[in-house]
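Peer 1:
Residue numbers (our numbering): 10 to 96.
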């Protein structure tokens, strides 16, 4: 990075890094939720990890929703079922 003496370059770079950190944190949260949903589908639908992921992708495309939203719904539904069953 070149410093032109204005001081704006450093502030801009810091803001860009903050944005990148926020995006990476969100990506990690999304990855965790998708992984949990895959696990639920692997157990409940008796499918492989790849097949579970494809089920999520197809549902995402069919409903025009983000993959992470579909995954979160699968996880929430499973958690709700476990609570109702007393587990």
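C-beta atoms are modelled at their ideal positions from N, C-alpha and C, and glycine is treated no differently.
Nothing here was measured: the structure is a model prediction, and the numbers come from that model.
(1) Using beta-carbon positions only, say whether residue 85 and residue 65 come within less than 8 Å of one another.
(2) Please report the distance separating the alpha-carbon of residue 26 from that of residue 57.
(3) Can residue 76 and residue 52 be called in contact, C-beta distance under 8 Å?
(4) If residue 83 sits next to residue 49, beta carbons under 8 Å apart, how far is it from one beta carbon to the other, in whole angstroms?
(5) By DSSP, does residue 75 sit in helix, in strand, or in coil?
Peer 2: If we stick to the structure as given:
(1) no
(2) 37 Å
(3) no
(4) Taking 8 Å as the upper bound for CB-CB distance, residue 83 and residue 49 are in contact here, some 5 Å apart.
(5) coil
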